[in-house]
Amino acid sequence: MHCPKCGCKYQDGFKICNDCNIALENNKPKFIVEEEKNVDSFTRLLASLLDLLIICGVIGALYYLNNFFVKFELDEVTTYQIIFLFLSLWLYNALFESSKFKGTIGKIICKTCVVDKNCNRISFSRATVRFILRAILGLSIIKQMFSHTGSRNFWYDSISDTRIVYKK
1 MHCPKCGCKY
11 QDGFKICNDC
21 NIALENNKPK
31 FIVEEEKNVD
41 SFTRLLASLL
51 DLLIICGVIG
61 ALYYLNNFFV
71 KFELDEVTTY
81 QIIFLFLSLW
91 LYNALFESSK
101 FKGTIGKIIC
111 KTCVVDKNCN
121 RISFSRATVR
131 FILRAILGLS
141 IIKQMFSHTG
151 SRNFWYDSIS
161 DTRIVYKK
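For the sequence shown, UniProt numbering assigns the number 1 to the initial residue and increments by one for each residue that follows.
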């Protein structure tokens, strides 16, 4: 059974959800995680591209507003811009993946979520580890996407003990 509010898995006989503290009696879940079906590479890529568009749109809007009010010229990318971009991406991914949504806006649109091996919501620290590993192992993802390993989990998912699954 799954909690109707947060979607966390629980066993029969539980009366209160451990994650969101709501009563579980006679409730039907809003969505159920399909435990057997991991997300294919195309759907993961689509969700990542949607997230990239969202982040670039927000950062682009902030940059435009900053240039509108303060006129200055930038010929090269500064260290502060790189740090701001990295922190923005980290917070966006880690906060959304550890929230009740269990995924970023791109994953929500694609009807997928990030869960641990027991199909429970991941913690902020696990989402942070997942993000850092994804950043470090970024180039190897392309190789793994086109290789036939049999598993649809990427290396950073295996190391951080998470997986991406479809929501019903």
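Built from N, CA and C at the ideal position, the CB exists for glycine as well.
Limits of the alpha helix (DSSP H) - the one that residue i falls within
| i | result |
| --- | --- |
| residue 174 | Any question about residue 174 goes unanswered here, given that the chain covers just 1 to 168. |
| residue 104 | Here residue 104 belongs to no alpha helix (DSSP H), and DSSP marks it neither H nor E. |
| residue 93 | 79-97 |
8 Å Cβ cutoff met for residue i and residue j
| i | j | result |
| --- | --- | --- |
| residue 50 | residue 106 | yes |
| residue 169 | residue 158 | Within the shown structure, residues of the chain are numbered from 1 to 168, placing residue 169 beyond reach of any answer. |
| residue 173 | residue 122 | Because the chain in this structure spans residues 1 to 168, residue 173 falls outside the shown range and cannot be described. |
| residue 88 | residue 59 | yes |
| residue 55 | residue 92 | yes |
| residue 165 | residue 38 | yes |
| residue 115 | residue 160 | no |
Inter-residue CB distance, residue i and residue j (contact presumed, cutoff 8 Å)
| i | j | result |
| --- | --- | --- |
| residue 124 | residue 90 | Contact doesn't hold; Cβ gap of about 11 Å is too wide. |
Continuous beta strand (DSSP E) stretch holding residue i: start and end
| i | result |
| --- | --- |
| residue 167 | 162-167 |
| residue 112 | 112-116 |
Buried or exposed by the 16-neighbour rule on C-beta atoms within 10 Å, applied to residue i
| i | result |
| --- | --- |
| residue 148 | Interpretation of residue 148 is limited by its pLDDT of 48, a score under 50 that renders its predicted location unreliable; no figure is taken from the coordinates. |
| residue 110 | buried |
| residue 118 | exposed |
| residue 100 | exposed |
| residue 42 | exposed |
| residue 61 | exposed |
| residue 156 | buried |
| residue 96 | buried |
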